[in-house]
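Below: one structure, written as structure tokens.
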Amino acid sequence: MIRILTNGAGLIFMKIGIHAQEGVEDIIARKKREYEQAGMIFWGYGGNTCHPTTFIQPFAKTQAEHQAQVFLMMHKMTSNHNADPVSAKQYSEDGIEWKPIPEGIQVVGSRYAMVIGNLTEEQFDLNLRNLVVAMGPKRGALGTDYIQGHVDKGCFEYHERAETPEETELKHIDLYSPLKPPYAVFLK
Amino acid sequence: MAMLNREIMNAVSDIIMNRPLPIREVDQIYMKAGDLALQSFFIGQRFRDLDVVFIGDGDAVALSTMYLFHCDLLDVAPKSIHLLDFDERIVNSVIRFADKYRFTNRISASLYNVIDPLPSTHQRRYDAFYTNPPWGASNEGESVKAFVERGIQATRDHNAQGAIVIGDDPALVWTQEVLHVIQEASLGEDFIVSEMVPAVHNYHLDDAPHLRSCNCLVRRARQRTGTYSSEALSPDRYARFYGRNNPLRIRYIREELSLNVGRAVDQTYKLEFLEGKS
Ligand SMILES: C[S@@+](CC[C@H](N)C(=O)[O-])C[C@H]1O[C@@H](n2cnc3c(N)ncnc32)[C@H](O)[C@@H]1O
Chain A
5 MIRILTNGAG LIFMKIGIHA QEGVEDIIAR KKREYEQAGM IFWGYGGNTC HPTTFIQPFA
65 KTQAEHQAQV FLMMHKMTSN HNADPVSAKQ YSEDGIEWKP IPEGIQVVGS RYAMVIGNLT
125 EEQFDLNLRN LVVAMGPKRG ALGTDYIQGH VDKGCFEYHE RAETPEETEL KHIDLYSPLK
185 PPYAVFLK
Chain B
25 MAMLNREIMN AVSDIIMNRP LPIREVDQIY MKAGDLALQS FFIGQRFRDL DVVFIGDGDA
85 VALSTMYLFH CDLLDVAPKS IHLLDFDERI VNSVIRFADK YRFTNRISAS LYNVIDPLPS
145 THQRRYDAFY TNPPWGASNE GESVKAFVER GIQATRDHNA QGAIVIGDDP ALVWTQEVLH
205 VIQEASLGED FIVSEMVPAV HNYHLDDAPH LRSCNCLVRR ARQRTGTYSS EALSPDRYAR
265 FYGRNNPLRI RYIREELSLN VGRAVDQTYK LEFLEGKS
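Protein chains in written order, with my numbering: chain A, 5 to 192; chain B, 25 to 302.
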């Protein structure tokens, strides 16, 4: 883990919980099988702060220009998400050209998905104070000023600070995975 | 409690109902209702009796200003406004609304992408320009410069004015950098900053709900001499138009014709009928 969190590293922080009426543990088990069958995972998500073409793709491409890989880091929490478990049938990298969802992959109840490699279940604390917003209008702000209220995910660069964090600024990470091209897609 | 003016709120509500839903991919992020009303007053006063061109206006400040004036809720307003935007939904929404309420003599709109040279019919024609461009968080203000340049090209050789509405939050370094870049670029074009109203407008912006924009007013300080040519934007200038690795790829956003403009889109709901009826 220490290896991944070096200064300047790009990461996406995301809170996860029950999704489309399915518990986190079930989702994780299903997604691991997905990786075995398809060699990649579509991790479904929604909301407006990690849009595939304006946030995730440009962010991951910029990191890739420096030979750096972006990691999706997930924080488990208790939540309710009662959206209907409608399965996506098609995906698109640009929202224009649509292709059938690859064999072995199933995403439900989401408008977007991040495209990731295998999931590593490992627990460690991530200090939100060490995160600097990398994309969008809050670029340059601290993770502690960004992950608030309805905002539960974002694109960050890791920059370690000297100050000791407050208890509330530490978020435990439960699993992580590298993003793979095309990084994020639209679903329908 | 502050006074609530029902007529003004209802007029602004008409404007808001008329705005096409914003497309975040091209930085359409709409101004909130109260600020839209106040901005209309501000523009009405500052650009009183002038011929004004708007370079992009998803917020509908132009329409709101002219409509409030038309409804006798504003004492003063520009003589005329022409809106240039690359989103046909926005262009048509202005034309339809002005037609419905009968003030097409005051406001007009046409399709235009700032990537293209400014059509000669719009060059040196207006007394003032207004722009609320993509704010340039990750392009060092390049997108703001492009919009402002078009505004300047559209204004007269002397006594021209401009209003530039962009992000302003002292805690966000990029907003201050862009303000710096844009004031410098304006000076380069012989425009000085004549008034600066910091951090006034709020937007419907999920990931930065408290980020506000300022009114940076500029004024031509030296008369333009000689000719100029309005060139197409070079590719390196729009490679990061909507942010890093997020180039301008769209020429126009076209409106899909629908019979129920302004109502819920059919696909978003389903009617469940009473038993035995359909
Ligand atoms: C970029 S938005 C900036 C945010 C502003 N608050 C808004 O939503 O209107 C301003 C307007 O510029 C238009 N616009 C975006 N890119 C453009 C381009 N390349 N050429 C012309 N207009 C453009 C949008 O359609 C929108 O109406």
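The C-beta atom is built at its ideal place from N, Cα and C for all residues, glycine as well.
Problem - chain A residues whose Cβ lies nearer than 9 Å to that of R48 of chain B - result: For R48 of chain B, the residues of chain A that pass the 9 Å Cβ criterion are N52, H55 and T58, in the order they occur in the chain.
Problem - Cβ-based contacts, 9 Å cut-off: residues of the region 195 to 216 of chain B near chain A - result: Residues passing the 9 Å Cβ filter: A195, L196, V197, W198 and T199.
Exercise for the section: Return yes when at least one heavy atom of ligand 3 lies under 8 Å from the C-beta of L272 of chain B, else no. Expected result: With respect to ligand 3, the structure offers nothing, as its ligand set consists of ligand 1.
Exercise for the section: Hey, could you find the ends of the alpha helix (DSSP H) T148 of chain A is sitting in? Expected result: That run of the alpha helix (DSSP H) goes G147 to Y150.
Practice task
Could you tell me the distance, in whole angstroms, from the CA atom of I216 of chain B to the CA atom of E164 of chain B?
Solution key: Roughly 20 Å separates the two Cα atoms.
Handout entry: Strand pairing of C240 of chain B, partner residues [DSSP]
Key = Residue pairing by DSSP puts C240 of chain B in a beta bridge opposite B:I188 and B:M220.
Handout entry: T53 of chain A vs D230 of chain B beta-carbon contact at 9 Å
Key = A contact, by the Cβ cut-off of 9 Å.
Problem - CA-to-CA distance, Q63 of chain B to G21 of chain A, given in whole angstroms - result: Straight-line Cα distance between these residues: approximately 42 Å.
Exercise for the section: For R143 of chain A, count neighbouring C-beta atoms within 10 Å of its own C-beta (all shown protein chains included) and say buried if the count is 16 or more, exposed if not. Expected result: By the 10 Å Cβ count, R143 of chain A comes out buried.
Handout entry: Length of the line joining the Cα atoms of T155 of chain B and T148 of chain A
Key = Each residue's alpha carbon lies about 33 Å from the other.
Handout entry: Helix, strand or coil at T128 of chain B [DSSP, three-state]
Key = Assignment of T128 of chain B by DSSP, reduced to helix, strand and coil, places it in the coil class.
Exercise for the section: Select from the region 25 to 37 of chain B all residues with a C-beta closer than 9 Å to any C-beta belonging to chain D, and list them in chain order. Expected result: Absent from the structure is chain D; the protein chains it does hold are A and B.
Practice task
Check G48 of chain A in the structure and name its three-state DSSP category.
Solution key: Reduced to three states, the DSSP call for G48 of chain A is strand.
Exercise for the section: Using a Cβ cut-off of 7 Å, pull out every chain B residue sitting near T168 of chain A, in sequence order please. Expected result: Within 7 Å of the CB of T168 of chain A, no CB atom of chain B is found; the nearest one sits about 22 Å away.
Practice task
Check the Cβ-Cβ distances between N163 of chain B and every residue of chain A, and say whether any is below 9 Å.
Solution key: No, N163 of chain B does not count as interfacial toward chain A.
Problem - At least 3 beta-carbon pairs within less than 8 Å: the region 142 to 152 of chain B vs the region 180 to 187 of chain B - result: The answer is yes - the region 180 to 187 of chain B touches the region 142 to 152 of chain B, with three or more Cβ pairs under 8 Å.
Practice task
Can you give me the Cβ contacts of V115 of chain B inside the same chain, cut-off strictly under 6 Å, excluding the 5 residues immediately before and after it?
Solution key: The beta carbon of V115 of chain B is closer than 6 Å to those of D109, A133 and L135 in its chain, skipping five residues each way along the sequence.
Exercise for the section: Just grab the DSSP bridge partners of V119 of chain A for me. Expected result: For V119 of chain A, which the question treats as bridged, DSSP gives the partners A:F46.
Problem - Near-chain B residues of the region 84 to 108 of chain A - C-beta to any C-beta below 7 Å - result: Identification of residues in the region 84 to 108 of chain A having a C-beta nearer than 7 Å to some C-beta of chain B yields an empty set.
Practice task
Identify every residue that forms a DSSP beta bridge with I159 of chain A.
Solution key: The identity of residue 159 of chain A in the sequence shown is Cys, whereas the question assumes Ile. Note: C159 of chain A sits in a beta bridge opposite A:I16.
Practice task
Let me know the secondary structure DSSP gives D151 of chain B once reduced to three states.
Solution key: Coil at D151 of chain B, not helix or strand.
Problem - C-beta neighbour in chain B for Q110 of chain A, strict 9 Å - result: It does not; no Cβ of chain B falls within 9 Å.
Handout entry: Classification of N129 of chain B by the beta-carbon crowding that lies within 10 angstroms, buried from 16 upward
Key = Exposed, since its Cβ has fewer than 16 Cβ neighbours within 10 Å.
Problem - Burial state of K294 of chain B (16 or more Cβ within 10 Å) - result: By the neighbour-count criterion, in which a residue is buried when 16 or more other Cβ atoms sit within 10 angstroms of its Cβ, K294 of chain B is exposed.
Exercise for the section: Within the same chain, show all residues whose beta-carbon is closer than 8 Å to that of I32 of chain B, passing over the 5 residues directly before and after it, in chain order. Expected result: Cβ contact annotation for I32 of chain B (same chain, cutoff 8 Å, sequence separation greater than five): A61, L92 and L97, in chain order.
Problem - the region 252 to 268 of chain B / the region 201 to 216 of chain B touching (three or more Cβ pairs under 8 Å) - result: The answer is no - the region 201 to 216 of chain B does not touch the region 252 to 268 of chain B, with fewer than three Cβ pairs under 8 Å.
Exercise for the section: Name the one or two DSSP bridge partners that Y95 of chain A has. Expected result: For Y95 of chain A, DSSP records a beta bridge to A:K103 and A:L191.
Problem - Three-pair Cβ contact test at 8 Å for the region 154 to 165 of chain A versus the region 175 to 185 of chain A - result: Cβ pair count under 8 Å is below three, so no.
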